[in-house]
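Note sheet for the following structure.
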Amino acid sequence: MRILACILMSVVIMTSCKMSAFKNGVKGNGQSVSSEIKIDDYNSIEIGGKFDLVYEQKADQAPYLRIEIDENLREYVSATVADGKLTIRTTQEINPKHYKIYTNSTALSDLSVSGLNNIELKDSINSENLHILVSEMGDIKAENLYCQNLNINMSGLANITLAGEAANTKIDVSGKANVKAYDLKSKNVDCAVLGMGNIYIYASEILSAQASGMGDINYKGSPKETNLSKSGMADIASKD
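So the sequence shown is residues -21 to -1, 1 to 219, counted in mature numbering (1 follows the signal peptide of the UniProt record, and there is no 0).
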């Protein structure tokens, strides 16, 4: 219980500090502007701050990036591509009235999100290997995801909603993060939750699940083989 309390306290402190920083940053003037910048192709995204991102995978189109933000805050936004990675940051803390980014690339293999971001992976996303890392208060939605190998790491108060198909799915959750993936039809799943997080998963072949603290793992798919382990007040339950 002491370890659980420390985890939860860390989440609260981290979130409070981040929200305070955004609130006290340079305020947007409410006059939204839109600008499009040329970028090289990329397969990895790393973002932080407080904004909404809409990503599309377009194998037959050149990559683009469009920024919508308060006119007086545009100068503080940095978007660069280096070694196949798109990095979006702000040069100082800002408090925008409107901040949204649209972008595409030919492929996506890594997505790292920190801050207060809402991310939509729009339309169909096809990837041999996809790693998603979300911390603090990020939210991700991907409702047409098709992967051979999917690896998800969630912490803080992050949330992710997934649908589609995956052969092998690995999920690690800590803090009070939530993974909603009943509609992601996975064959093999290896998942673990620590703290007060929740995992809702589908597995049709093999399910390995570990839950500790006060976390819950709920699964569907009637997997042919299960390896389940729980401790503390955690629970693992079939919902078929």
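Each residue gets a CB set at the ideal place from its N, CA and C atoms; glycine is no exception. Note that the structure is predicted; figures quoted are calculated from it, not measured.
Spatial neighbours of Ser91 within its chain, please: C-beta separation below 6 Å, excluding the five flanking residues on both sides.
Same-chain partners within the cutoff: Glu25, Leu112.
Taking just the CA atoms, how far does Lys209 sit from Leu52?
Approximately 48 Å, taken between the alpha carbons.
Identify whether Asn8 lies in helix, strand or coil by the three-state DSSP scheme.
The answer is coil: DSSP assigns Asn8 none of H, G, I, E or B.
Please go through the region 146 to 195 and give each complete beta strand (DSSP E) segment of 3 or more residues, from N-terminal end onward.
DSSP runs (the beta strand (DSSP E)) wholly in the region 146 to 195: 157 to 174, 177 to 192.
Taking only the alpha-carbon atoms, compute the straight-line gap between Ser(-2) and Ile185 and give it to the nearest angstrom.
With a pLDDT of only 45 at Ser(-2), under the threshold of 50, the placement of this residue in the model should not be trusted; the figure read from the coordinates follows. Computed Cα separation, rounded: 43 Å.
Report the CB separation of Lys37 from Thr85 in whole angstroms; it is logged as a contact under 8 Å.
Going by Cβ atoms, the distance from Lys37 to Thr85 rounds to 7 Å, so yes, they are a contact pair.
Taking 8 Å as the threshold (C-beta atoms), are Gly174 and Gly200 in contact?
The answer is no: Cβ separation not under 8 Å.
Which residues bound the beta strand (DSSP E) around Asn97?
From DSSP, the beta strand (DSSP E) with Asn97 extends over 97 to 101.
Can you tell me the Cα-Cα spacing of Ile131 and Tyr161, whole angstroms?
Cα to Cα, Ile131 sits roughly 15 Å from Tyr161.
What is the DSSP secondary structure of Asn128, reduced to helix, strand or coil?
If DSSP states are grouped into helix, strand and coil, Asn128 belongs with the strands.
What distance in whole Å lies between the Cβ atoms of Val168 and Thr148, which are believed to be in contact at a cut-off of 8 Å?
Right, their Cβ atoms sit about 5 Å apart.
When you compare each of Asn22, Asp20, Val33, Ala182 to Asp102 by their alpha carbons, which one comes out closest?
Among Asn22, Asp20, Val33, Ala182, the Cα nearest to that of Asp102 belongs to Val33.
If you compare alpha carbons, which of Asn83, Val56, Gly63 is closest to Glu72?
Measuring from the Cα of Glu72, the nearest candidate turns out to be Val56.
Using the three-state DSSP reduction, which class does Asn51 fall into: helix, strand or coil?
In this structure, Asn51 counts as helix in the three-state DSSP scheme.
Helix, strand or coil for Leu87? Go by DSSP, reduced to three states.
Note: Leu87 maps to coil in three-state DSSP.
Less than 6 Å between C-beta atoms, sequence neighbours within five positions excluded: which residues of the same chain meet that for Lys203?
Hits under 6 Å: Glu184.
Can you tell me whether Gly194 is buried or exposed, with buried defined as 16 or more other CB within 10 angstroms of its CB?
Buried, since its Cβ has 16 or more Cβ neighbours within 10 Å.
Cα-Cα, which of Ile215, Asn138, Asp62, Glu107 is closest to Asn97?
Cα-wise, what sits closest to Asn97 is Asn138.
Taking 7 Å as the limit between beta carbons, can you name the residues of its chain near Asn157, skipping five residues before and five after?
Cβ neighbours of Asn157 beyond the five flanking positions: Asn138, Gly176, Asn177.
Look up Ser114 in the DSSP assignment and give the residues it is bridged to.
Ser114 pairs with Ser93.
My guess is that Ala146 and Lys159 are in contact by the Cβ rule of under 8 Å, so how many angstroms apart are they, rounded?
Contact flag wrong, Cβ pair sits at about 20 Å.
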